[in-house]
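Notes for the one structure printed next.
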Amino acid sequence: MSHKSGASGSYTLSRKAKWFSSWNSYLFVLPALVFMVIFIGFPLIYNLIMSFQNVNVYNLSGKHDFIGFANYMKSLKDPVFYTALQNSVVFTVLSLFFQFTIGFALALFFNLKFPGRNLFRSLMLLAWMLPVVISGTVFQWMMSGDFGVINYFLQTLGIIDHPINWLSEGSTALLGTVVANIWIGIPFNMIILLSGLQGLPDHLYEAAKLDGANRLVQFRHITLPLMRPTILVLLILGIINTFKVFDLIFIMTSGGPVTSSTVLPIYAYQMSFTTLEFSQGASVSMIMFLILIVISIVYLRMSSKEEVH
Amino acid sequence: MFKNVRALMVAMVALVVLLSACAPKTESGSGNSGSSGKDGDKVVIQWWDSMTSEATQGALKEIIADYEAANPNVKIERTYISFADIKNKLLLGSVGNQMPDIVWLDNPDHQAFAAAGILADLTEPIKEWGQADKYYEGPWSSTVYDGKNYGVPIGSNNLALYYNKDMFEAKGLTPPTNWEELKEAAKQLTTKDVYGFAMTAVKTEEGTFQFLPLMYQSGSDITNFNSEGTIEAATLLQDMVKNGYMSKEVINQKQSDTVVQFSTGKVAMMINGTWQIPLLKKEGKVNWGVVQLPENKQGGTILGGENWAITNASKNKDIAFDIIKFANEPERLKAFDQAAGRLPSRSDLLQDPFWQDDKDLKVFADAMEVAKARAYGPEYPKMSEAIQIMIQEVISGSKTPEQAVKEAGDKIEPLLKK
């Protein structure tokens, strides 16, 4: 599409050729498009349709009736839905905040030149490459109240005087999963920010140094503004990814105790596969989808403004 | 720019419409691929189970090989599906038409699947077979829905109380036979490093499975949930945790985690199932014994186990049932249940010395007479979820037993009427 935006002065192509070249470029997108339609579009629409029907265990393989917004109303009337929504927001905000700040700090650190930098940078990525099943289980062990290593350390250091059941206490279960998720997410944040940092032009910093700007001023007035697009992309990806987290929480607490760590994906899963109310589960996932769409639109608006600047 | 985006959108929508219009057709066209079909001139029977242990798989493969040898025109394709997945796979498979012919089901799910129309009605062939009366009432009832028969029990298990003999001896205690003794023993056996008592309270069917026997012992049941007995059972759990006799962590420990705690001497007594015996014999580091669950107002335990079923989508139901009959011939079933660490669901087999002469297995075998099946109709998964939440509420102390039981009862009551 870029060939058009810069071509305002040179309309030498005939209309037909133009039509062809623009459709030609769509042809290149076609394989990806077909893939997306089959593996993303189709399930999405299937889910949308199901959320307006009454699919449950009795009629799963039979006929389904359209029942309008009844599933949505039922979900919105369920107090557990709001607990899950609140938990999702807390989980996402806390995870992102710490993933991002720690990731940024590490990115700035690894942007310095020092021996062994590449080795440590690759080692950092390990956390991200580990399957979630493994990191989730390890965190579950570490946070265990009876034999967990975290309690052991805190007790040895005298910070707490009796063991805390991190994952089986309503007040700490969600925080426990947040901590694990932060650990998993830091490397991703770091790598994206680091690649952004390495693309920044050196001459700006040299000029600033000549003008007597210290590190902090450089960071505030050069690094941050130039990194804005990268940060935006990272945060929006982060919101979407974190909002969808299911496996980690499912492994660590399965949403419990009671509902204290139930986030929306867990709630939707339980609707569909524990209580076998498929269409109500579908309605919850559609609500999640809507929330993420709104966030994405805000992002697209912001980034298109960015381009204009 | 805007125009291009619109063109793209139009193309996308067109493709979506095109694909969704095709979808039902392609599904019905390729429906046979997952289900039974012909392999040359052989009939292929798809078989799903979730058995993991080597011994069980070996016993299974033997049955399959024997059947194939006796019936050269049949080929059985066995697929392993993990226990956690098999329910979802079946439900999704029924929509996508990817169904096996023969499937193993956890018995509390059986009625829900029958109600979903996934399973074939086997009432007639079972009547012809004429062996229904050989099976225990409990396991058999789990295969019946709406007066029709949808399966045959494979093997059973139930819950009993495992205890650490050395710890009991050190305190001069005998295994508890009633709740008072249970509480007293838990109190005395709890030390700085050892919890007196453990049972799982995870938020899955396992949690409900372990809680229901306490209700039965207190004279209540799901059918009269909001009652004194249920409150008593919930109070027992809350007190165990409040007094520190049971770890709060039980809400994250599955039955397989509890047995590890027990076999390493971190727990003095645990409620657990028949299937833990082979593991404890092989890897247990403690001197253990097993007794019937203690009584409150009465004795009682719960029945677990798997059933055979044939799916409605199967094109060779007669052959599939023939395989089930073959596998249920007493000698073959006996060998299988022995290898798999299960109790036979047939009363004639359970009299075999293998189960009667082993003092540990005998405890479970005797309990078969009273073990109650979870046959509460197709809405049971929802009732179970309400109970799981209730258990976690009382253990975490966020609600009083009275309050938690009442709230769970309010959720369960309308489900019973369906």
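The listed protein sequences correspond, in order, to chains Y and Z. Here the numbering used here is used: the first residue of the first sequence is 1, the next is one more, and so on. Here the numbering used here is used: the first residue of the second sequence is 1001, the next is one more, and so on. Here a beta-carbon is modelled for each residue, glycine too, at the ideal position from N, C-alpha and C.
Buried versus exposed call for Gln1356 (chain Z) [16 or more other C-beta atoms within 10 Å across all chains shown]: With a threshold of 16 other beta carbon atoms within 10 Å, Gln1356 (chain Z) falls short and is exposed.
8 angstroms Cβ cut-off: residues of chain Y touching Asn1088 (chain Z): Within chain Y, Phe273 have C-beta atoms less than 8 angstroms from the C-beta of Asn1088 (chain Z), given in sequence order.
Test: Pro257 (chain Y) CB closer than 8 angstroms to a CB of chain Z: At least one beta carbon of chain Z lies nearer than 8 angstroms to the beta carbon of Pro257 (chain Y).
Alpha helix (DSSP H) runs contained entirely in the stretch 1294 to 1364 of chain Z, provided each spans 4 or more residues: Taking only runs of at least 4 residues, the alpha helix (DSSP H) segments lying wholly in the stretch 1294 to 1364 of chain Z are 1317 to 1327, 1330 to 1339, 1347 to 1350 and 1353 to 1356.
Unbroken beta strand (DSSP E) run spanning Pro1125 (chain Z), endpoints: First-last for Pro1125 (chain Z): Thr1123 to Trp1129, but that is the alpha helix (DSSP H), not the beta strand (DSSP E).
When Z:Ile1319, Z:Gly1409, Z:Arg1346 and Z:Lys1334 are compared against Val1043 (chain Z), the one with the closest alpha-carbon: Cα-wise, what sits closest to Val1043 (chain Z) is Z:Ile1319.
Local Cβ density within 10 Å of Asn1073 (chain Z), reported as buried at 16 or more and exposed below that: Exposed.
Strand pairing of Asp1257 (chain Z), partner residues [DSSP]: Asp1257 (chain Z) is not bridged to any residue.
Chain Z contact for Asp146 (chain Y) (CB, 8 angstroms cutoff): For Asp146 (chain Y), at least one C-beta of chain Z is nearer than 8 angstroms to its own C-beta.
Element boundaries [beta strand (DSSP E), containing Glu1077 (chain Z)]: Counting along the chain, Glu1077 (chain Z) sits inside the beta strand (DSSP E) bounded by residues Val1074 to Tyr1080.
Reduced DSSP secondary structure (H/G/I, E/B, other) of Leu237 (chain Y): DSSP places Leu237 (chain Y) in helix when its eight states are reduced to three.
Contacts of Ile1102 (chain Z) in chain C (Cβ-Cβ under 7 angstroms): In the structure shown, chain C cannot be found, because the protein chains are Y and Z.
Asp247 (chain Y) and Gly176 (chain Y) closer than 8 angstroms at C-beta: Against a cut-off of 8 angstroms, the Cβ pair of Gly176 (chain Y) and Asp247 (chain Y) comes out as no contact.
Run of the alpha helix (DSSP H) containing Phe97 (chain Y), from where it starts to where it stops: Taken as a continuous stretch (DSSP letters only), the alpha helix (DSSP H) holding Phe97 (chain Y) covers Pro79 to Asn111.
Arg1346 (chain Z) versus Z:Gly1155, Z:Gly1147 and Z:Ser1053, residue with shortest Cα-Cα distance: Arg1346 (chain Z) has its Cα closest to that of Z:Gly1155, out of Z:Gly1155, Z:Gly1147 and Z:Ser1053.
Limits of the alpha helix (DSSP H) - the one that Gly1093 (chain Z) falls within: For Gly1093 (chain Z), the enclosing alpha helix (DSSP H) starts and ends at Phe1083 to Gly1096.
Span of the beta strand (DSSP E), counted from its first residue to its last, around Leu1105 (chain Z): Looking at the DSSP string, the run of the beta strand (DSSP E) that includes Leu1105 (chain Z) is Ile1102 to Asp1106.
Cβ contact check for the stretch 1180 to 1198 of chain Z and the stretch 1264 to 1273 of chain Z: 3 or more pairs under 8 angstroms: Because the criterion of three Cβ pairs below 8 angstroms is met, the stretch 1180 to 1198 of chain Z and the stretch 1264 to 1273 of chain Z touch.
Cβ pair count under 8 angstroms reaching 3, the stretch 1072 to 1091 of chain Z against the stretch 1282 to 1289 of chain Z: In short, these stretches do not touch, since the Cβ pair count stays below three.
Where Asp1106 (chain Z) falls, given that 16 or more other Cβ within 10 Å makes a residue buried: Asp1106 (chain Z) comes out buried.
Sub-8 angstroms separation of Trp1047 (chain Z) and Ile1076 (chain Z) beta-carbons: For the 8 angstroms CB-CB criterion, Trp1047 (chain Z) and Ile1076 (chain Z) form a contact.
Whole alpha helix (DSSP H) elements within the stretch 201 to 261 of chain Y, 4-residue minimum: List check, alpha helix (DSSP H) in window: 202 to 210, 215 to 218, 224 to 243 and 247 to 252.
Boundaries of the beta strand (DSSP E) in which Asp1049 (chain Z) is found, first to last residue: Per DSSP, Asp1049 (chain Z) is one residue of the beta strand (DSSP E) stretching across Lys1042 to Asp1049.
Distance cut-off 7 angstroms: Gln1356 (chain Z) Cβ against heavy atoms of the ligand NAD: What this structure holds is no ligand at all, so the ligand NAD is not there to describe.
Those residues which DSSP pairs with Gln53 (chain Y) across a bridge: The bridge partners DSSP lists for Gln53 (chain Y) are Y:Phe66.
Cβ shell of Gly41 (chain Y) (< 8 angstroms), same chain only, five flanking positions each side left out: Excluding residues up to 5 positions away in sequence, nothing lies with its Cβ nearer than 8 angstroms to the Cβ of Gly41 (chain Y) in the same chain.
Under 7 angstroms from the C-beta of Leu276 (chain Y): neighbouring residues of chain Z: Within chain Z, the residues near Leu276 (chain Y) are Ala1112 and Pro1381.
Between the CA atoms of Ser1384 (chain Z) and Asn1307 (chain Z) - distance to the nearest angstrom: Take the alpha-carbon of Asn1307 (chain Z) and the one of Ser1384 (chain Z): they are about 19 angstroms apart.
Buried or exposed by the 16-neighbour rule on C-beta atoms within 10 Å, applied to Asn189 (chain Y): Counting every other CB atom within 10 Å of its CB across the protein chains shown gives Asn189 (chain Y) a total of 16 or more, marking it as buried.
Pick from Z:Met1215, Z:Val1259, Z:Leu1189 and Z:Glu1369 that is closest to Asn997 (chain Z), judged by C-alpha positions: The question about residue 997 (chain Z) has no answer, for chain Z in this structure spans 1001 to 1418.
Close Cβ partners of Ile1391 (chain Z) (< 6 angstroms) along its chain, the five nearest in sequence each way excluded: Setting aside the 5 residues that flank it on each side, Ile1391 (chain Z) is surrounded in the same chain by Ala1201, Gly1207 and Phe1211, each with a C-beta closer than 6 angstroms to its C-beta; the list follows chain order.
Chain-ordered chain Y contacts of Thr1301 (chain Z) [CB-CB under 9 angstroms]: Listed along chain Y is no residue with a C-beta nearer than 9 angstroms to that of Thr1301 (chain Z); the closest approach is about 25 angstroms.
Residue interval of the beta strand (DSSP E) (run including Pro1153 (chain Z)): Note, Pro1153 (chain Z): beta strand (DSSP E), Val1152 to Asn1164.
Bounding residues of the alpha helix (DSSP H) (the contiguous stretch that carries Met190 (chain Y)): Run containing Met190 (chain Y): Ala173 to Gln198, per the alpha helix (DSSP H) assignment.
Separation of Ala1112 (chain Z) from Ile297 (chain Y), as counted between CA atoms: Across the structure, Ile297 (chain Y) and Ala1112 (chain Z) are spaced so that their CA atoms are roughly 42 angstroms apart.
Contacts of Gln1255 (chain Z) in chain Y (Cβ-Cβ under 7 angstroms): For Gln1255 (chain Z), there are no C-beta contacts with chain Y under 7 angstroms, since the nearest C-beta of that chain is about 15 angstroms from it.
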